[in-house]
Amino acid sequence: MERTLVLIKPDGVRRNIVGEVISRIERKGLRLVAMELRTLDADTARTHYEEHAERPFFGSLVEFITGGPLVAMVVEGERSVEAFRALAGATDPVTAAPGTIRGDFALEVQQNIVHGSDSTYSAEREIKLFFPDLG
Ligand code: RTP
Ligand code: MG
């Protein structure tokens, strides 16, 4: 069964929509297999977003993602990587379709509420980074 890493970013926690996001994941039929509320250190954040290390927004992204507690979870189900990305919506919340998490709850590209792994390869790497003890 396919697994993906989902983060409810610090803006989502701050805005008290953790339950809303989890509810959408559960209603879709995906299952939670691990979950933790934690504040990321800068090293973990840089490793998580290493593909963006050369982008102009990298420093600001690391500052944002370490700026408060986030919820990290492993979600499992049929084509869960693609299924969660569809629930999340486009990266830019302005163009994200209404009905998606970003389309319904966000307006700024950085503070877009959730992260979902973009491939099964990324999912494996990210799950190891956040949940090294998970089998
Ligand atoms: P994520 O990795 O967080 O699931 O988001 P994504 O795949 O939809 O988008 P990605 O291109 O991987 O970007 C990672 C996160 O960086 C922030 N971002 N800021 N122009 C900007 O200031 C900018 N572009 C992206 C967003 O928080 C985005 O989700
Ligand atoms: Mg991404």
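Each residue of the sequence shown is one higher than the one before, starting from 1 at the first, in UniProt numbering.
Beta carbons: idealized from backbone N, C-alpha and C, even for Gly.
Output yes or no for whether 8 Å exceeds the beta carbon distance between residue i and residue j.
i, j, result
"Ala83", "Leu30", "yes"
"Pro132", "Leu70", "no"
"Leu5", "Ala88", "no"
"Ile8", "Val114", "yes"
"Val74", "Leu37", "no"
"residue 155", "Val13", "The structure shown does not extend to residue 155, since the chain spans only 1 to 135, so no value can be given for it."
"Leu129", "His48", "yes"
Can you say whether residue i is buried or exposed, counting buried as having 16 or more other CB atoms within 10 angstroms of its CB?
i, result
"Met1", "exposed"
"Thr91", "exposed"
"Arg55", "exposed"
"Val81", "buried"
Where does residue i fall in DSSP's three states?
i, result
"Ile127", "helix"
"Pro10", "helix"
"Val18", "helix"
"Glu108", "coil"
"Ala34", "strand"
"Arg3", "strand"
"Thr91", "coil"
"Gly67", "coil"
Compare the Cα-Cα distances from residue i to each of the options and report the closest residue.
i, options, result
"Asp43", "Leu32, Gly59, Leu7, Thr91", "Gly59"
"Glu76", "Asn112, Thr120, Arg15", "Thr120"
"Arg24", "Pro56, Phe105, Asp92, Leu134", "Phe105"
"Ala34", "Ala72, Arg102, Glu108", "Ala72"
"Glu20", "Gln110, Gly99, Glu108", "Gly99"
Got a sec? Which residues, its chain only, sit under 6 Å from residue i by beta carbon, not counting five neighbours each side?
i, result
"Thr66", "Leu40, Ala42, Ala45"
"Glu126", "Leu5, Ser117"
"Asn112", "Pro93, Arg102, Ala106"
"Phe64", "Gln110"
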